[in-house]
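Numbering (our numbering), first residue to last: 324 to 546. Where is the CB? At the ideal position from N, CA and C, for every residue including glycine. What follows is a single structure, written as structure tokens, with notes after it.
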Ligand code: DX5
Ligand code: ZN
């Protein structure tokens, strides 16, 4: 399957957000990546379920909701009701991750688990039956426009090995610092989904840039 593109609207122009989502949709995006930040798990604050519910009416793209909030168990149901199809929370943000993954699936969403740069891939080892997506953070979460941490490539390879070893089928998503310069090597390391924020929305034409990523990745022989 081709590597999927998940534009992160954290870097979009919020005055024109529906229009920009339509542009990336027309040019090869698969998901809309929605970063929810609470000012506690990460220093920044973004939006809650109402914004997601309103955007849900404007596009057919899959809503990939990345919760950077403490105690995500208190909110997953509301994000599901708002239209999130993939709900990813941080392993570091909750005590009972396995229970929460089960719960996310039980309310009809795909369950994603994310790890920050300091968390080893081995921490996912006992959960491989319970999640549909592993989100490897390649920057410290909280802000768009940061530099890709090179060690993340090794973590992507380790996640792919973990998937093979455990006969699991989850997707591997990578988030942070992805650009036209490094996207192919990230795909080659084993990523199935690339989250791309500033490298798409901080350009004059987000549709055209999405198309450039699409062509670049379609040209890349990966796994
Ligand atoms: C960062 C967010 C990312 C962010 C990525 O905490 O999780 O989704 O939007 O932005 P770029 O692609 O600019 O690093
Ligand atoms: Zn994100």
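Classification of residue i by the beta-carbon crowding that lies within 10 angstroms, buried from 16 upward
| i | result |
| --- | --- |
| residue 413 | buried |
| residue 338 | exposed |
Option nearest residue i by Cα separation, candidates the options
| i | options | result |
| --- | --- | --- |
| residue 346 | 534, 365 and 501 | 534 |
| residue 436 | 448, 458 and 385 | 458 |
| residue 324 | 527, 454, 402 and 513 | 513 |
| residue 529 | 509, 342 and 326 | 342 |
| residue 483 | 503, 447, 473 and 332 | 447 |
| residue 452 | 480, 486, 527 and 440 | 486 |
| residue 390 | 481, 379 and 370 | 370 |
| residue 468 | 542, 374 and 522 | 522 |
| residue 383 | 470, 348, 474 and 527 | 348 |
Pair within 7 Å by beta-carbon distance, residue i and residue j
| i | j | result |
| --- | --- | --- |
| residue 428 | residue 420 | no |
| residue 501 | residue 517 | yes |
| residue 376 | residue 410 | no |
| residue 364 | residue 393 | yes |
| residue 466 | residue 350 | no |
| residue 455 | residue 402 | no |
| residue 539 | residue 511 | no |
Residue i beta carbon near the ligand DX5 (any heavy atom closer than 6 Å)
| i | result |
| --- | --- |
| residue 518 | yes |
| residue 498 | yes |
Inter-residue spacing [alpha-carbon to alpha-carbon] between residue i and residue j
| i | j | result |
| --- | --- | --- |
| residue 430 | residue 417 | 18 Å |
Check: residue i C-beta below 6 Å from any heavy atom of the ligand ZN
| i | result |
| --- | --- |
| residue 525 | no |
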